[in-house]
Amino acid sequence: MLMWIKIISDVLIACGAFFALVGVLGILRMPDTFCRMQASTCVSTLGVLGVALGGLLHAIFVMNSASTAVKIAVICLLILVTNPVGSHAIAKGAYKAGIRPETPMETDDLGRDSE
Amino acid sequence: MRKTKAPAVIATFVVCFLFWLLLTWSVKPQELIAGAVVSLAAALFSARFFIHEKAFWFANPAKLFTGLFYWVCVFPCELIKANLHMAKVVLGGCKVKPGIVKIPSSLESDYGRAALANSITLTPGTITMEIVEEEGKPWYYVHWIEAESDGEEAGEAIKGRMEKWIRRFWEK
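First to last, the protein sequences are chains V and D.
For the first sequence, this note's numbering gives the first residue as 1, with consecutive numbering after it.
For the second sequence, this note's numbering gives the first residue as 1001, with consecutive numbering after it.
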């Protein structure tokens, strides 16, 4: 039983690491600021959540430590609440500062409406 | 400036105190008393920023269950789908077609709108950039890496099942 829980938690951590890798590759490969931010969302959602869930299982069943488990849960909650606010502010700030992709976006409703 | 109302203070106090209990993870009387004092002070100062409408909208088991179901089942499902799609785009080198689309919504409360905006931003591939209100309806400007459609159609593709569940939890 314990072995299976260890395996599941390892698999979750590996999934988290994989999506973090995808996010970083995305940041390097995407063409412009906004698309890079999109890729970076991969890191802060499934990347962090996968690792945190694996850690949560480990804390509950292997370490038997409730306080560690609760702290991990609170970390997940705080990331889920604060991360979108940050991305939203950065994206809007970048757009307002006049940053545009090299090849113009095909649909730009925000630019059309704010003229 | 908004006035601080008693129900809002109580609801904020409950949230702060729950966080205190979770973080300290002990039930010694001195911890409880210190926590109560600190959370009451925090609630008095921050209740008017924290709660804008009804303070006890969540005190309804059916609603609470709906919210839990959304955050545990519906939203992670959408999140995993979007993450896999993003992985395909990044690793497979598909062409992206970025654009900012304007999508309509029919949510009425501030909480619901904020929750939908945050859910959209948390999903890889879409970022909410601005919310405007026209004719009493909120419109979201969303940066999308696959901007192929516009208006209602784009809204369906971006919001998916999320809007329906958010309406069930935060409204009526």
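Yeah, the Cβ is synthetic: ideal placement off N, Cα and C, and Gly gets one too.
Chain V contact residues for residue i, given Cβ-Cβ distances below 9 Å
i, result
"D/L1032", "Chain V residues near D/L1032: none, gap ~16 Å exceeds 9 Å."
"D/N1118", "L80, V81, N83, P84, V85, H88"
"D/L1122", "T41, S44, T45, L80, N83, P84, S87"
Span of the alpha helix (DSSP H), counted from its first residue to its last, around residue i
i, result
"D/W1170", "1162 to 1170"
"V/K96", "66 to 96"
"D/H1085", "1075 to 1092"
"D/P1029", "1029 to 1050"
"D/V1014", "1006 to 1024"
"D/F1069", "1061 to 1069"
"V/S40", "33 to 42"
"V/M30", "Careful: V/M30 lies outside any alpha helix (DSSP H) and carries neither H nor E."
"V/G111", "109 to 113"
"D/R1113", "1110 to 1122"
"V/G54", "48 to 57"
"D/K1159", "1151 to 1159"
Contacts that residue i makes with chain D (C-beta to C-beta distance below 8 Å)
i, result
"V/F34", "P1098, I1127, H1143"
"V/S9", "Going along chain D, no residue has its Cβ under 8 Å from V/S9, so there is no contact; the nearest lies around 17 Å."
"V/M118", "Residue 118 of chain V lies beyond the residue range present for chain V, which begins at 1 and ends at 115; the question has no answer from this structure."
"V/F19", "N1083, A1087"
"V/L25", "V1090, L1091"
"V/A66", "W1025"
"V/M3", "Going along chain D, no residue has its Cβ under 8 Å from V/M3, so there is no contact; the nearest lies around 26 Å."
Endpoints, the beta strand (DSSP E) within which residue i is located
i, result
"D/T1128", "1126 to 1134"
"D/W1139", "1137 to 1144"
"D/P1104", "1099 to 1104"
Assigned exposure category for residue i - 16 Cβ within 10 Å defines buried
i, result
"D/E1134", "exposed"
"V/E102", "exposed"
"D/E1130", "buried"
"V/I99", "exposed"
"V/L49", "buried"
"D/L1023", "exposed"
"D/E1148", "exposed"
"D/I1107", "Looking at the sequence provided, one finds Leu at residue 1107 of chain D rather than Ile. Counting Cβ neighbours within 10 Å, D/L1107 comes out buried, since at least 16 surround it."
"D/E1153", "exposed"
"V/G47", "buried"
"V/V74", "exposed"
"D/E1163", "buried"
"D/K1159", "buried"
"V/N4", "One detail in the question is off: residue 4 of chain V reads as Trp in this sequence, not Asn. Exposed, by the Cβ-count rule."
"D/I1033", "exposed"
"D/R1113", "buried"
"V/G93", "exposed"
Closer than 8 Å at the beta carbon, the chain V residues around residue i
i, result
"D/I1080", "L46"
"D/E1130", "K92, L110"
Chain D contact residues for residue i, given Cβ-Cβ distances below 7 Å
i, result
"V/M37", "I1127"
"V/T70", "Looking at the sequence shown, residue 70 of chain V is not Thr but Val. Result: L1022, W1025."
"V/M63", "What V/M63 touches in chain D: nothing, since even the nearest Cβ is about 14 Å away."
"V/V22", "M1086, A1087, V1090, L1091"
"V/V51", "In chain order: nothing, as chain D lies at least about 14 Å away."
Chain V contact residues for residue i, given Cβ-Cβ distances below 7 Å
i, result
"D/D1150", "T107"
Proximity test, residue i beta-carbon vs the ligand COA heavy atom, cut-off 7 Å
i, result
"V/G54", "What this structure holds is no ligand at all, so the ligand COA is not there to describe."
**OP:** Give a yes or no on contact between the region 1056 to 1073 of chain D and the region 1021 to 1033 of chain D, applying the rule of three or more CB pairs nearer than 8 Å.
**Re:** no
Original post:
For the region 84 to 103 of chain V, which residues have a CB atom closer than 8 Å to at least one CB atom of chain A, in sequence order?
Top reply: Here chain A cannot be found, since the structure's protein chains are V and D.
Subject >> Cβ contact check for the region 37 to 57 of chain V and the region 6 to 14 of chain V: 3 or more pairs under 8 Å >> reply: yes
Original post:
Given 8 Å as the limit, is there contact between the region 1082 to 1099 of chain D and the region 15 to 25 of chain V, that is, 3 or more CB pairs closer than that?
Top reply: yes
**OP:** Report yes or no: do three or more beta-carbon pairs, one from the region 86 to 94 of chain V and one from the region 1089 to 1100 of chain D, lie closer than 8 Å?
**Re:** no
Original post:
Does the pairing of the region 1117 to 1124 of chain D with the region 1074 to 1084 of chain D give three or more beta-carbon distances under 8 Å?
Top reply: yes
**OP:** May I ask you to verify whether the region 1036 to 1048 of chain D touches the region 1011 to 1019 of chain D, counting CB pairs closer than 8 Å and requiring at least 3?
**Re:** yes
Original post:
Using 8 Å as the threshold, is the region 1094 to 1102 of chain D in touch with the region 107 to 115 of chain V, meaning 3 or more CB pairs across them?
Top reply: yes
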